[in-house]
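These notes are about the structure you will find just below.
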Amino acid sequence: MTRRDRTHARPHPRAVVVVGATSGIGLATARRLSAHGDQLVLVARDEQRLQEVAASLPGPAVVAPADLGTGEGVAEALAACAAAYGRVDAVVTTAQTMAYGSVEQVPEEVLASVVDVGVHGTARLAREALPRFREQGGGQLVVVGSLLAEISVPGMGAYCAAKWGQLALVRALQLETRRQRGVHVSLVVPGAVDTPIYHQAATYAGSPGSAPPPVVGPDAVARAIERCLQRPRRTVQVGPANRVVRAGFRYLPGPYAVLVGPLVRRIALRGPTTPDHAGNVLAARPEAEAERGGWTPWGALRDGHGRARWRRR
Ligand SMILES: NC(=O)c1ccc[n+]([C@@H]2O[C@H](COP(=O)([O-])OP(=O)(O)OC[C@H]3O[C@@H](n4cnc5c(N)ncnc54)[C@H](OP(=O)(O)O)[C@@H]3O)[C@@H](O)[C@H]2O)c1
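Shown next, in the form of structure tokens:
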């Protein structure tokens with residue numbers, strides 16, 4: 005964040021609920037909005053980590069633990085925003101978990117949980133937020149989707165199902181709110197982003213996941229989210245390769261099918277042999293949360309000394 009960003013506080017602060025605020029894009033968004041004067045409610049599953057993040061922000065922030073996958077705490081989080089700041093101007097959701105492995109390999113409970121966060125979690129937020137927005141005369145729901153909502157990739161079926169389902173839901177919400185004055189639903193679509201999500205993901209594929217290049221920083225997505233809050237847009241793409249990858253999937257399905265498997269094995273699942281584990285899918289792993297995951301723009305992982313190495317050790 006630049007000094008110019010930090011010193012440009014908004015004259016009229018917004019009350020914003022940021023879901024997924026303890027890590028990656030959600031954390032970068034919370035930091036950015038707080039630095040610009042917005043009043044926040046921070047939401048994720050782990051309360052202690054939420055408290056740490058709240059204490060690190062320059063502006064007011066209330067914490068509201070909630071689980072988008074089960075719905076526990078979701079209504080309370082929006083009520084906390086209205087109670088603390090008098091209204092809910094916007095809800096931004098970046099919450100998602102991820103699982104590597106073929107559809108056959110990923111256990112049913114893990115696949116269901118990944119889909120629950122993306123699909124049912126987004127629906128739960130919409131159900132709570134939209135009536136409040138109408139009652140107040142306006143408000144914005146900003147959903148962070150993924151390039152993987154528009155292409156499919158072997159070994160990432162759980163995540164693709166969550167993001168395709170979330171995309172369908174967001175498109176329906178956009179149509180359903182079309183004539184509702186002041187109510188906007190926006191979708192922000194990142195390609196690969198340098199966040200801990202790859203270390204946090206469940207894996208049943210024999211290797212951990214890696215960020216495929218080109219990788220952008222989480223603040224690039226946070227900036228797009230903030231721009232959406234200032235000027236609502238239907239969809240915002242963040243990622244230099246999004247357009248070309250989507251075009252390959254859509255218009256060249258034969259070559260895409262031949263290339264995608266080897267590319268995933270070489271680029272996205274290139275780490276050392278790893279035993280199966282559920283990552284942060286079934287429970288939060290706050291110790292591994294941070295704004296960045298350590299990925300360079302070309303998809304190498306920095307070691308503890310900041311040097312980039314191509315392969316995970
Ligand atoms: N990183 C990428 O390369 C990339 C690319 C494209 C799209 N995206 C999308 O960007 C968004 C943010 O991803 P990220 O990379 O920033 O991930 P991240 O660093 O792993 O952060 C995920 C956040 O979501 C929260 N969360 C997870 N499950 C939750 C649940 N059930 N209920 C409430 N909160 C939950 C996590 O906190 P707790 O675990 O404590 O709950 C954490 O705060 C996601 O929608 C993802 O699909 C990411």
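Take the position in the sequence shown, starting the count at 1, then add 4; the result is the number in our numbering.
All C-beta atoms in this analysis are idealised placements derived from N, C-alpha and C, irrespective of residue type, glycine included.
Note that the structure is a prediction, hence the values are computed from the model and not measured.
Given residue i, which residues of its chain have a CB within under 7 Å of its CB, disregarding the five upstream and five downstream residues?
i, result
"residue 77", "68, 69, 70, 71"
"residue 184", "138"
"residue 199", "27, 28, 29, 222, 296, 297"
"residue 8", "Only weak support exists for where residue 8 lies, its pLDDT of 47 falling under 50; the coordinates are left without a value."
"residue 299", "198, 215, 219, 305"
Can you check whether the CB of residue j is closer than 7 Å to the CB of residue i?
i, j, result
"residue 3", "residue 81", "Because the chain here runs from 5 to 317, residue 3 falls outside it and cannot be looked at."
"residue 209", "residue 105", "yes"
"residue 193", "residue 252", "no"
"residue 118", "residue 103", "yes"
"residue 101", "residue 284", "yes"
"residue 174", "residue 146", "no"
"residue 158", "residue 24", "no"
"residue 240", "residue 228", "yes"
"residue 84", "residue 66", "yes"
"residue 282", "residue 172", "no"
"residue 250", "residue 180", "no"
"residue 116", "residue 177", "no"
"residue 382", "residue 224", "Any property of residue 382 remains undetermined from this structure, which presents the chain solely from 5 to 317."
"residue 41", "residue 64", "no"
"residue 246", "residue 134", "no"
Compare the C-alpha of residue i against each of the options and name the closest.
i, options, result
"residue 292", "182, 244, 20, 204", "204"
"residue 125", "97, 139, 244, 151", "97"
"residue 254", "36, 121, 156, 88", "156"
"residue 20", "33, 30, 36, 93", "93"
"residue 54", "35, 42, 152", "35"
"residue 197", "16, 236, 31, 18", "31"
"residue 301", "215, 286, 248, 268", "215"
"residue 271", "304, 249, 260, 242", "304"
"residue 232", "111, 39, 188, 164", "188"
"residue 88", "43, 238, 107", "43"
"residue 190", "163, 237, 202, 182", "237"
Within the same chain, show all residues whose beta-carbon is closer than 6 Å to that of residue i, passing over the 5 residues directly before and after it, in chain order.
i, result
"residue 109", "208"
"residue 120", "73"
"residue 114", "103, 206, 282, 285"
* **Sequence ranges, alpha helix (DSSP H) only - wholly within the region 205–251, length at least 4** => 222–234
* **Those runs of the beta strand (DSSP E) which lie wholly inside the region 175–206 and span at least 3 residues** => 187–194
* Asked: Between the region 163–171 and the region 270–279, are three or more C-beta pairs nearer than 8 Å?
  -> no
* Whole alpha helix (DSSP H) elements within the region 5–81, 4-residue minimum -> 7–11, 28–39, 51–60
* Asked: Which runs of the alpha helix (DSSP H) spanning at least 4 residues fall entirely within the region 122–171, listed in chain order?
  -> 125–140
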